[in-house]
Every structure is written in C-alpha cells, then in structure tokens.
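In what follows, a structure is listed as structure tokens, so that the remarks can point back to it.
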Amino acid sequence: MKFFSKKITLVILGCAFLFACTEDYFEFDKIVVDEIRPEFAIPLVNSSLSLEDILANEDTNGVITTDNTGALEILYEGNVVSGLGVSNVPIPDILETTTISSIPSPPPGVQATIPASDTVELNLNTGIEADSIRLKSGSLVINFNSTVRHPISVLVEFPGMKNANGQILSKTISIPPYNGVNPSVRAEVEVLDDYLLDLTLNGTTFNKIAINLSATITGAAGVPTGTTGNLQLTANFRLLEFKDFYGYFGQEPIDLIEDTILIGLFKNFDQGRFYISDPVIDIIIKNSYGMPVNLAFDYLDALTPESTIKVKKIDLQGNDPISLLYPIGNGVEITNVRLDKNGNIPEIISDLVKEIAFDANAIPNPTGRTDQNYISDTSSIGLDVKLKIPLKGFASGFRMSDTVDFEFEGADEIDNALVRTRVENGFPIQAELQLVFTDGNFMPLDSLYSQGQEIIIPSAPVGSNGRSTSTALKDTDTELTQSRFQNLVNTKHILVKARLETTNGSAAAPDTITFLPSYKLDIAVGIKAQILID
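Residue 683 in this note's numbering sits at position 347 of the sequence shown, and the numbers go up by one each step.
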C-alpha cells in the first residue's frame, strides 16, 4: 500500500490560507492518522482568528492599537534625529603667538616691567558668534621662548577664562637668562575642563579671548649695555569641546537623516475602492536647541505604485515650514503638527500607499539674531512621523493577489475527495476567492472553484452604528475528482485571487463600518477522501 502524502492537503487548504493569510496557523505535521482506509474523513483546520492575529502575521511594520472609541487602529512610525550640538559647533585648534621684541638690558639689580596684550580668535563656522562657552574638555599649552640675557618672571593672564571656582586663568612663569647659544624655553599645560570662556572682550565683540602679559626683567651682571632680546609667547588651545554655548548659532541648516516608513497593510492588494474615514499623520518634533528654529521638509512623499501617480506629495496643510517651540536654556520643547482628512491623506490611503519617505532640515534663527541662542553639547532635533489608520471606513471591489510556491505529490493515490470549509465570520467584510494552480511557467492547469470566484467568507450583519450585530455562517463544499488530481501533478505555484468588500461597501455613509478587537473569524476545514490501494 502506498501512503497518502500530506502535501496534498496544501491544495485543499489553499482557500483557508487566502482568507486571512494564516499559513502559520495550519500545522499539518501534527495531523495523525492511525490507519489508511479506502474512505476516510479528517478534520484539518480549526482556527479562531482576530484581526490582530491576521495583521500581526502579515504586517510586521505596523503596531496594532485601539483608538478612544475602542476601534482598531494601525500605527506606522519613522523617526530620525539631527547630529548633536557639539558636532554643529566644532572648535578648531588655535595657535596664537605674541612677541615682545627688542627688550633692553636693565642695569644689574634693576627691574623693568614690560606689559603686552593680544587677542585670540575662535575660527568658528561661518555666521556663528560665540558670546560665551563652557568647555567640556580641552587643554591650553603655554610656551615661552626667550633670547633675553636676564632672568624674567612673566605673569600671563586670560581674563575671560574662569575655572569652575570662578578663578581667572593666571600663570607666573620664571624664565632663566639666555646663554647666547640656545633660547631659554619654558612651558605650562592647563586642563580646561569646565572652564567658562567669555568671548566678548567686555561686551564689545564675540569669538575672542584676551591675553595679558606682564614681563619683569631683572638686570644681571656682565651683560653688555645696549644688549636686547625677544620674549615670545605661544598659546596653543587644543581639542576644545563645549558643554554649553551662548551667542548666535547663525542660519546654517541642521540636517536630519532621511527615513522611509514601510506600510505593510496593503502589500498584497492591487486595486479597488478603499476609504478610511479619519486617517492622520502626526508630526512630532523634539527640540533641545535654545533658539528659534523652522523645520522644513525637503520632501514628505507617499509611494503609491498602484495609482497613476506613483509618488504623491503629502499635503502639509499650511505647515511648511513648521515653527518649532524651543527651550529657554537647557531643556526640551515638543511641537506637534497633525495632518488630517482635510488634506490628501484619505486619497493616499485609498491609493494603497506602500511607503512614506521623508527628509527634513532645521533652519535656525529664520529672522536673524533676535535673542541669544543656547546650545548644549547634546542638543538635537528629533523628528517622528506617525501614520495612524483607524479601521473605520469601507472597501469595495478591493482585490488582492498573491503567489504561493507549491509541490504536489501523491496524486495517483487519491480517487476523489470532498473538501468542506465552514466559516463563522464576525467581521463586517465578505471575501470571494479563487485559487489557480499553475506550472513552473505560471501557465494555468486548474482552479479550485470551477464556477469562478465564490463568496467563501460571508459578511456579518451590521447595525446603524457600523458595528457587527452577530456572526455569519457558511459551508462551502468543493469536489476534487481523481482526474483533477492527475491534472495537478505539474503544479508548482498557486495564484491567489480574492475580492473583498465591507458590508455596505458602496453606501453613501462609508465611515459607519468599524472594526473592533472582539471580532473573530472561525475557520474549520475537513476532507473526506477515497484512496486507491495497490
């Protein structure tokens, strides 16, 4: 005796696979038959599915929630963030040299004090004006090079630089006399972590640090009268990074990385009339830059490949650019913008949107310097784009298609079979179905329903509030003769064709149909078959 191959059940159960895309729920390997008889009946499937089960199985990108009315809602989300503030205000290394030239030799034992001053400029990005900066890290290397033949005591001060205790950066450095061969050299290193830099020179400018020198020369014996020398200071600011920035950031755009939101809800649908009564796109912007900022989209597009226009711009409904709320000092402010059904979102949904792509820039200080800006090293702009699809609306003539790879075995073991599908449907939607069996070149060999597409899933009745009032029950019998089994030996693919329509799908008030978490679709499939015994 040959054994009936379980793969044949895939042909018979294809209809259940298509109803709700529930292939993961049919565990054929758990079916056990104690004895093969000339005629037998086996219950093959007994599944109870909610809409969450179906959508979670087919759409891994969306999050299923409920709205404030208890209706099901699908949420798709994409989010991007700008670079941190420290990356937008890089502080280059600074090398500043100050020279006191032709210092005369005082008489032995006599002291002479020579003052000098200089400024150091921060070469920041174009348009950035720093009033003050608190440093997170960095260092200052002070080098003195002397060709003066007398000992020198140098007081060097940076009056605009204060440490965490409020003390001005000040160094007194002793430099020995020049020996006539090699200049005298001395160096000091100051770690600048948590230093506050006042860059205004007492409120008169920006981006500048003052340096004050006072060199005291003590006359040494044996130095010829009229001998002169030079004293050179080199201030090297290295690896500066700020913690807090106050001033004017300029108007250079802050770029946000582009992103794409994949919409899996419609991936198997290709045509039909589809309407959602109240879809929305929520745009949420979190801003921790303490300054006026406008956010402008380079593009906010919907990909609708089933439509005549493949890419559609999403109507921003007057929100372009978006003026962002901003914190005064350290903190975060959130700006919310909602694009609703008064724009073109319902049209985009009905065109079976597959993706939403967006890219945006933030434009700081759109009206110029009006207020002092504040930026921290971690300041950023975060952009969330959320598409909310509440399952309220209608579908009419809505078609879906899919292809399932298939391997057929055991056809010569089956004489004939009767497949019975019992459906109890609590959803306000009906489905017609057809399975077409094809060869490896997708040439049709046969179809499951010889009379064409049949309503396998009847729609549940609906009350005036658009919600199901009870369930609908239907049995569907399909006979597969031994000759039809033989014709399917070369089947390599199953083409799935379905037509869906909600209750009152063409009604004048389509927004009355509502999907609830409590709706269930119960499917039971059994086979009664006769086999051939050698």
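Don't be surprised by glycine CBs; every beta carbon is placed ideally from N, CA and C.
Could you give the C-beta distance for residue i and residue j, rounded to a whole number, given that I count them as a contact under 8 Å?
i, j, result
"L601", "I410", "6 Å"
"S613", "K728", "5 Å"
Relative to the alpha-carbon of residue i, which residue among the options has its alpha-carbon at the smallest distance?
i, options, result
"V477", "T483, L505, L460 and N501", "L505"
"N630", "P442, I725 and P702", "P702"
"D775", "E743, N518 and R485", "E743"
"P797", "Y855, R756, K828 and T817", "Y855"
"I650", "G665, M627 and P615", "P615"
"I793", "D738, D429 and K810", "K810"
"Y514", "L567, Q789, A466 and T540", "L567"
"S510", "L781, N499 and A523", "A523"
"L535", "R485, S468 and F578", "S468"
"L408", "L857, F851 and D858", "F851"
"G654", "K648, V673, S643 and I711", "V673"
"I711", "G398, N424 and S795", "N424"
"T462", "Y584, T541 and T805", "Y584"
"V721", "L754, T596, N404 and I849", "T596"
Please list the terminal residues of the continuous alpha helix (DSSP H) segment that includes residue i.
i, result
"N424", "G421 to N424"
Return helix, strand or coil for residue i, following the three-state DSSP convention.
i, result
"S819", "helix"
"A860", "strand"
"Y361", "Bear in mind that a pLDDT of 33 at Y361, under 50, signals an unreliable position, so the model cannot answer this."
"S686", "helix"
"I681", "helix"
"E768", "strand"
"T455", "strand"
"V368", "For V368, the pLDDT reaches just 39, beneath the cut-off of 50, and the residue's location in the model is therefore unreliable, leaving the point undetermined."
"L387", "helix"
"T848", "helix"
"R485", "coil"
"M779", "coil"
"A753", "strand"
"L380", "For L380, the predicted structure reports a pLDDT of 49, less than 50, and the residue's modelled location is therefore unreliable. The matter cannot be settled from this model."
"Q565", "Strictly speaking, residue 565 in this sequence is Gly, with Gln absent from that position. Note: G565 maps to strand in three-state DSSP."
I need the boundaries of the beta strand (DSSP E) containing residue i, first residue and last residue.
i, result
"P700", "E691 to P700"
"E837", "H829 to T838"
"L652", "Counting along the chain, L652 falls outside any beta strand (DSSP E), and DSSP gives it neither H nor E."
"R522", "S520 to V527"
"T322", "Here the chain covers residues 337 to 870 and nothing more, so residue 322 does not appear."
"A466", "E465 to S482"
"I588", "The sequence given here has Glu at residue 588, not Ile. Run containing E588: none; DSSP gives neither H nor E here."
"V399", "V399 to T402"
"I664", "Careful: I664 lies outside any beta strand (DSSP E) and carries neither H nor E."
"Q430", "Position check: residue 430 holds Ile in this sequence, whereas Gln was assumed. Looking at the DSSP string, the run of the beta strand (DSSP E) that includes I430 is I430 to P440."
"T873", "No answer is possible for residue 873: it lies beyond the span of the chain, which begins at 337 and ends at 870."
"G414", "L408 to V417"
"N709", "N709 to S712"
"D614", "Run containing D614: none; DSSP gives neither H nor E here."
"A638", "V629 to L639"
"P726", "I717 to P726"
"T703", "No beta strand (DSSP E) holds T703; DSSP gives it neither H nor E."
"D534", "L532 to D534"
Taking 7 Å as the cut-off, is the CB of residue i close to at least one heavy atom of the ligand ADP?
i, result
"D429", "No copy of the ligand ADP occurs in the structure displayed, which carries no ligand at all."
(request) Could you tell me whether the stretch 473–491 touches the stretch 528–537, where touching means 3 or more Cβ pairs closer than 8 Å? (result) yes
(message) With three or more C-beta pairs closer than 8 Å as the rule, is the stretch 442–462 touching the stretch 543–551?
(response) yes
(message) Would the stretch 625–637 count as touching the stretch 687–698 if we require 3 or more Cβ pairs under 8 Å?
(response) yes
(request) Decide yes or no for the touch test of the stretch 561–580 against the stretch 428–435: beta carbon pairs closer than 8 Å, at least 3 of them. (result) In short, these stretches touch, since the Cβ pair count reaches three.
(message) Counting beta carbon pairs with one atom in the stretch 826–834 and one in the stretch 768–784, are three or more of them shorter than 8 Å?
(response) yes
(message) Three or more C-beta pairs under 8 Å: does that hold for the stretch 552–561 against the stretch 655–675?
(response) no
(message) Pairs of beta-carbons, one from the stretch 705–718 and one from the stretch 635–655, closer than 8 Å: are there three or more?
(response) no
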